[in-house]
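**Student:**
In the working numbering, the protein residues as written are 700 to 1346.
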């Protein structure tokens, strides 16, 4: 079995509140790899507060909660007031030994109109938060969107129901990458897209509260539960792909971060051994998980969904499919428990109209018997750690073992249970212990969720400040001390010094001569079409050139080779000597060839021959792929190999 790569494992700071009488788990931090990290996670609307301060405009959650749609009539107007108390919060994280903090950015705080002018106060807040975290040795992980669309965009074109969302979201993401990417290296584009679509456009429980009779749990005034969940998700997937490619082509080469998408999924098990329940379980997995992940991995929706939903399911064009396929560095999972599946295809297929839930042709069951047979958690969340292992094995088999971040895992308790937290300790001990004792998948991050399991009630609600203080006091006096004993902090995280801002000017010039010294000097397109960094990229991005130039653009021969060859022909040249960029042709230094790199070099050679110019090729001109330098010190090792795929 493959080793589990637990490079990052996050646990919410309030999830492990423990009285002095609690005994520690039967594992310690030493059971995890040295690069294991411990942290907390929140979302903007649930913790920031300051909802109407310093230029922030309303999000759809403000509209929703102010309409009294929360069961307890709560709002996020104050929440935990992190906007004003971020230093206190970060100090608490540091005191507890946290190494990572995952938070979301409020789009309507940073760009109040949804597009256009940036709010200086919003920009200042997030820069201050990030810098405060870094100053305490805590690594920031950022989610660009956590269900809090600016109300202005909802009013203008119905938000996620319009393809116009792609341009506005991509522009917003561009601002975030540009302003924060020099210090943030882990990005999640969107949280729980499948739950957003169901809550917002099927049952109407989330803003903008759209649904249609007979579906929905609220009195929706507009919507179509049969079609809108699929439309919203379709637009969200294409928007994610747009943001992914923006980061890949414009920022990743020098910011060197990771970017992925998040999906909510439980584990689903047949209620019985009947063929009908087994088939129903496969359908549920396709609808709940494959709806999001299949397009990311394979470029299209599951065949099961296409067959059942039919024309109500939007269709990806061929180019959209290619754009989506592989558009992630990791896939984030939110997982809490496991459910049982019962087939109800006969009943569902007889319905005159169906929504998403009916389209699954199945019923989800929490308990097999009237009396819960599994360990019971007060929030009615069954304690079933085996489900997470099954889920990860499913990913390994179906999706070819992609990097997985478990971004949420935990249980919700009422305020009365918060100070006596043994239930949550049992829950997390089981899940974390399962991860320690098994290894079968490429698991690179896991995280439990702060906002849903501690200070804040569900999505959008907030306890008053007095209650938040009680929890913080409990952390400091009792559980914080216990937690630091079990999870002593390792070396504080520091931002990589070699990640520097991109330089826009270059000094490399192409001469009209037979010999051109180096591909990096002329090609440009340093971060485009799959090319990975060479040692020259690392060198120049570290500012080691006297004039601070880089080869990011150079003479741009990658895009303008036809113009260059025409100029050579017009000048009467008979030969052109050039070198091949190893990291463009084989980005990992070995293995799979990059089709775009192969295509470029073939096009250049063919263009030269067509003009009667003889190509002379140098296989290597000082531009070793950085991955090989990192792996075995490049030319210092006999392992070095060069692959020639052009012939």
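C-beta atoms are modelled at their ideal positions from N, C-alpha and C, and glycine is treated no differently. Being a predicted model, the structure only gives us computed values, none of them experimental.
Using alpha carbons as the reference points, say which of 888, 859 and 862 lies closest to residue 873.
**Tutor:** Checked all of 888, 859 and 862; the closest Cα to residue 873 is 888.
**Student:** Mapping the DSSP letters down to three states, classify residue 963 as helix, strand or coil.
**Tutor:** Three-state DSSP puts residue 963 in a strand.
**Student:** According to the neighbour-count rule (16 or more other Cβ atoms, all chains shown, within 10 Å of its Cβ), is residue 962 buried or exposed?
**Tutor:** Its Cβ being crowded by 16 or more others within 10 Å, residue 962 is buried.
**Student:** Distance check for residue 965 and residue 1034, CA to CA, integer angstroms please.
**Tutor:** Computed Cα separation, rounded: 5 Å.
**Student:** Could you name the residues of the same chain whose beta carbon sits closer than 6 Å to that of residue 987, not counting the 5 residues immediately before and after it, in chain order?
**Tutor:** Answer for residue 987: 964, listed in chain order.
**Student:** State the CB to CB distance for the pair residue 952 and residue 1232, rounded to an integer number of angstroms; the pair is presumed to be in contact (CB under 8 Å).
**Tutor:** Yes, they are in contact, since the Cβ atoms of residue 952 and residue 1232 sit about 6 Å apart, within 8 Å.
**Student:** Name the one or two DSSP bridge partners that residue 1061 has.
**Tutor:** For residue 1061, which the question treats as bridged, DSSP gives the partners 1042.
**Student:** Can you give the Cα-Cα distance for residue 990 and residue 968, rounded to whole angstroms?
**Tutor:** Cα-Cα distance, rounded: 18 Å.
**Student:** How long is the line joining the alpha carbons of residue 959 and residue 1268, rounded to whole angstroms?
**Tutor:** Cα to Cα, residue 959 sits roughly 46 Å from residue 1268.
**Student:** Would the beta-carbon of residue 971 be found less than 7 Å away from any heavy atom of the ligand PLP?
**Tutor:** The ligand PLP is not among the ligands present in this structure, which contains no ligands whatsoever.
**Student:** Between residue 826 and residue 1029, what straight-line distance do the alpha-carbon atoms span, to the nearest angstrom?
**Tutor:** Each residue's alpha carbon lies about 25 Å from the other.
**Student:** For residue 916, does the count of other Cβ atoms within 10 angstroms reach 16, so buried, or fall short, so exposed?
**Tutor:** It is exposed - the Cβ of residue 916 has fewer than 16 other Cβ atoms within 10 Å.
**Student:** How should residue 790 be labelled, buried or exposed, when 16 other C-beta atoms within 10 angstroms of its C-beta is the threshold for buried?
**Tutor:** When all chains shown are included, residue 790 counts as exposed.
**Student:** Measuring alpha carbon to alpha carbon, tell me which of 1005, 1016 and 1103 ends up nearest residue 1059.
**Tutor:** Cα-wise, what sits closest to residue 1059 is 1005.
**Student:** Residues in the same chain with beta-carbon distance under 7 Å from residue 904, minus the five sequence neighbours each way, listed in chain order, please.
**Tutor:** Around residue 904: 898, 916 and 917.
**Student:** Provide the residue span of the beta strand (DSSP E) that contains residue 889, from first to last.
**Tutor:** Taken as a continuous stretch (DSSP letters only), the beta strand (DSSP E) holding residue 889 covers 885-889.
**Student:** Whose C-alpha, out of 901, 883 and 1103, is nearest the C-alpha of residue 930?
**Tutor:** Selected option, being the one with the closest Cα: 901.
**Student:** Whole angstroms are fine: how far does the CA of residue 867 sit from the CA of residue 843?
**Tutor:** Between residue 843 and residue 867, the C-alpha separation is close to 13 Å.
**Student:** Going straight from the alpha carbon of residue 1019 to that of residue 937, what length do you get?
**Tutor:** Near 7 Å, if we compare the C-alpha coordinates of residue 937 and residue 1019.
**Student:** Tell me which same chain residues have a C-beta within less than 6 Å of the C-beta of residue 1283, skipping the five on either side of it?
**Tutor:** Closer than 6 Å at Cβ, skipping near neighbours: 1230 and 1296.
**Student:** Counting only runs that start and end within the stretch 817-879, where is the beta strand (DSSP E) found for 3 or more residues in a row?
**Tutor:** Whole beta strand (DSSP E) segments, 3+ residues: 838-844.
**Student:** Going straight from the alpha carbon of residue 1227 to that of residue 948, what length do you get?
**Tutor:** Straight-line Cα distance between these residues: approximately 5 Å.
**Student:** Taking DSSP as the reference, what is the three-state secondary structure of residue 1231?
**Tutor:** It is coil, neither helix nor strand.
**Student:** Around the Cβ of residue 1158, are there at least 16 other Cβ atoms within 10 angstroms (buried) or fewer (exposed)?
**Tutor:** Low per-residue confidence applies at residue 1158: pLDDT is 29, beneath 50, and the placement is therefore not dependable, though the value from the model is reported in the following sentence. Its Cβ being crowded by 16 or more others within 10 Å, residue 1158 is buried.
**Student:** Please report the straight-line C-alpha distance between residue 809 and residue 933, rounded to a whole angstrom.
**Tutor:** Going by the C-alpha atoms only, they are around 25 Å apart.
**Student:** Which residues mark the beginning and the end of the beta strand (DSSP E) in which residue 740 is found?
**Tutor:** First-last of the beta strand (DSSP E) with residue 740: 738-740.
**Student:** In three-state DSSP terms, what is residue 1242?
**Tutor:** DSSP places residue 1242 in coil when its eight states are reduced to three.
**Student:** Could you check what DSSP says for residue 1258 in three-state terms: helix, strand or coil?
**Tutor:** Residue 1258 falls in the helix class under three-state DSSP.
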